[in-house]
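Student:
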Amino acid sequence: MDIEKIISDVKEKFNIKYNEAQDLDSLEEVRVKFLGKNGKIKQLYGKMASIPDEQKPILGKELNKVKEEINNKLQEKKDKLAAEKKKRQLEAERIDVTLPGHKIKKGSQHPLSIVTSELEEIFIAMGFKIAVGPEVEDEYYNFKALNIPEDHPARDLQDTLYLDDLFLLRTHTSPVQVRTMENTSPPIKIIAPGRVYRADELDASHSPVFHQLEGLVVDENITFGDLKGTIQIMVEQIFGQNHSVRFRPSYFPFTEPSAEVDVSCIVCGGEGCSLCSYTGWLEIMGSGLVHPRVLKMSGINPQEYSGFAFGMGIDRITLLKYGIDDIRLLQENDRRFLQQFK
Ligand code: DAH
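For the sequence shown, our numbering assigns the number -1 to the initial residue and increments by one for each residue that follows.
1) Using 10 angstroms around the beta-carbon of residue 48, count the other beta-carbons present and answer buried if the total reaches 16, otherwise exposed.
2) Can you give me the start and stop residues for the alpha helix (DSSP H) that residue 6 sits inside?
3) Can you tell me whether residue 60 is helix, strand or coil according to DSSP?
4) Have a look at the DSSP bridge pairing and note the partners of residue 212.
5) Within the continuous alpha helix (DSSP H) that includes residue 327, where are the two ends?
6) Whose C-beta lies closer than 6 Å to the C-beta of residue 20 among residues of the same chain, with five residues either side of it excluded?
7) Could you have a look at residue 285 and say whether DSSP puts it in helix, strand or coil?
8) Is the separation between the beta-carbon of residue 346 and that of residue 158 shorter than 7 Å?
9) Please state if the CB of residue 284 and the CB of residue 255 are separated by a distance shorter than 7 Å.
10) Is DSSP giving residue 315 helix, strand or coil here?
11) Taking all protein chains shown into account, do 16 or more other C-beta atoms lie within 10 angstroms of the C-beta of residue 129, making it buried, or fewer, making it exposed?
12) Please determine whether the Cβ atom of residue 190 lies at a distance below 6 Å from any heavy atom of ligand 1.
13) Quick check: does the Cβ of residue 253 come within less than 6 Å of any heavy atom belonging to ligand 1?
14) Would you call the CB atoms of residue 208 and residue 313 closer than 7 Å?
15) My understanding is that residue 327 touches residue 339, with C-beta atoms under 8 Å, so please give their C-beta distance in whole angstroms.
Take a look at the structure:
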């Protein structure tokens, strides 16, 4: 057998297979077939044993050359195919930065949040700080320390949501007054916005959960005039300049004297309409001078200091400000409703 002929046959066969291979997998098959452990080149080395000794070095050289040639060619094509593959991949994964993006719909602030922030800003501008207190309270802070007697109807199960014998859900933000006075010495100037709870059925104007904003100022020589001035500014800023404010004598156990604050009707301006029940006025908060007994119970000397306090329903102010006629709209989170408050 002419071994040189066999070598050139192998070379020829390699070239055919090599040219056929158009991807990395088939090229690898070609490599295994020719250079692999049982490949054609290996087999040719095996044949060396059967040829005359003097020819061995020549053929050995020849075989090494072929092997190197094949190796180089394979590597070259492998690099080329790999580069092509990479290019195709990049092409396919290319991101077109000129395509229009997905529009993200912007949310809007809840009307209650808008009004709460506005009220906070108005009071902060007048020097008030924001105070907070727990929503789970006990009888002492919610009632007793506010001079609300044991037999007061507010303490009744019908109005108050009791959690057990000791704890209840606060029915107003007034307990934050007490907690603040216990921890701070005058001058005190705080507002306390927050959630409150009552055993009420949900309807257009009542809700078992709603929001109040409490205010408390304690210092030397605080008078009813300070209360009036503060509330006047707040009303002008939240409802607009052209509204009158009226203080109507009232009763709260924690203030003496006490007053309810009315604002001229935002719909009819005082003429009388169905919103104001033809009185021309809308009630917006309770207020008064802090009862000396309340100051004393919280460790403040009523001979030395006096104070005023007020409490308003944030939900009610929101309904009035935007002319919304149903408190439930503030809780349903219907986007068609909420989107109107940009
Ligand atoms: N706490 C009262 C309520 O929930 C509101 C109130 C009235 C608060 C008079 C006050 C105040 O601070 O002085 O009905």
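Think of the CB as a built atom: it goes at the ideal place given N, C-alpha and C, for glycine as much as any other residue.
Tutor: Let me lay it out:
1) Around the beta carbon of residue 48, a 10 Å sphere encloses fewer than 16 other beta carbons of the protein chains shown; the residue is thus reported as exposed.
2) 1 to 18
3) helix
4) Under DSSP, residue 212 forms a beta bridge with 190 and 309.
5) Residues 327 to 330.
6) Closer than 6 Å at Cβ, skipping near neighbours: no residue.
7) Strand.
8) Because the chain is modelled from -1 through 340, residue 346 falls outside the range shown and cannot be assessed.
9) no
10) DSSP places residue 315 in helix when its eight states are reduced to three.
11) buried
12) Checking the Cβ of residue 190 against ligand 1 gives no.
13) The answer is yes for residue 253.
14) The Cβ-Cβ distance between residue 208 and residue 313 falls below 7 Å.
15) With 8 Å as the limit, residue 327 and residue 339 do not qualify as a contact, their Cβ atoms being about 11 Å apart.
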